[in-house]
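Shown next, in structure tokens, is the structure this report addresses.
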Amino acid sequence: MSKVQRFEDLKVWQSSRVLCKMIHGFTLNPEFCKDFKLISQIKSSSGSVMDNIAEGYERDGNKEFIQFLSISKGSCGECRSQLYRALDNGYISEAEFKKASEMAIEISKMLSGFMDYLHESELKGKKFK
Numbered sequence: 003m004s005k006v007q008r009f010e011d012l013k014v015w016q017s018s019r020v021l022c023k024m025i026h027g028f029t030l031n032p033e034f035c036k037d038f039k040l041i042s043q044i045k046s047s048s049g050s051v052m053d054n055i056a057e058g059y060e061r062d063g064n065k066e067f068i069q070f071l072s073i074s075k076g077s078c079g080e081c082r083s084q085l086y087r088a089l090d091n092g093y094i095s096e097a098e099f100k101k102a103s104e105m106a107i108e109i110s111k112m113l114s115g116f117m118d119y120l121h122e123s124e125l126k127g128k129k130f131k
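This note's numbering puts the first residue of the sequence shown at 3, with every later residue one more than the last.
Next up, the structure:
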């Protein structure tokens, strides 16, 4: 296992970036393009997943990192809910919904596992060395 030296090395951040790009692609659909509010909301929530992982990592302390991972997990749930709205409004196909929703669920599980690991870790972050 390679050592994590920056947030870009985190698998959960990499996966959330893929989800964010996937969501952006969905919003380019001509039908989706008309719903400015949902576009703004779903882009914001999907971006928040990856952004909060990055911000928490850069804080250098486990307590703050866990807090930001929790916010990221909440944004992931928000994004999944918005995917349902996109599906229900006919903006994305069932296959697109399934792929993105399954990815969001996997990211949420990764975030939970990561938070559990940090809670139990003896390492408390660079601030506390």
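By construction, the Cβ of each residue, glycine as well, lies at the ideal position given by its N, Cα and C atoms.
Residue burial classification, D53 (beta-carbon count within 10 angstroms, cutoff 16): buried
I need the boundaries of the alpha helix (DSSP H) containing I68, first residue and last residue. 64-90
Taking DSSP as the reference, what is the three-state secondary structure of L30? coil
Put V6 into one of helix, strand or coil per three-state DSSP. coil
Given that a residue counts as buried once 16 or more other Cβ atoms are within 10 Å of its Cβ, and exposed if not, what is D118? exposed
Stretch-stretch touch, CB-based, cutoff 8 Å, three pairs: the segment 83-92 with the segment 61-72: no
Where does S95 sit, in a helix, a strand or coil, going by DSSP? coil
Buried or exposed for L125, please, with buried defined as at least 16 other CB atoms from any protein chain shown within 10 angstroms of its CB. exposed
Which residue comes first and which comes last in the alpha helix (DSSP H) that contains K136? Because the chain here runs from 3 to 131, residue 136 falls outside it and cannot be looked at.
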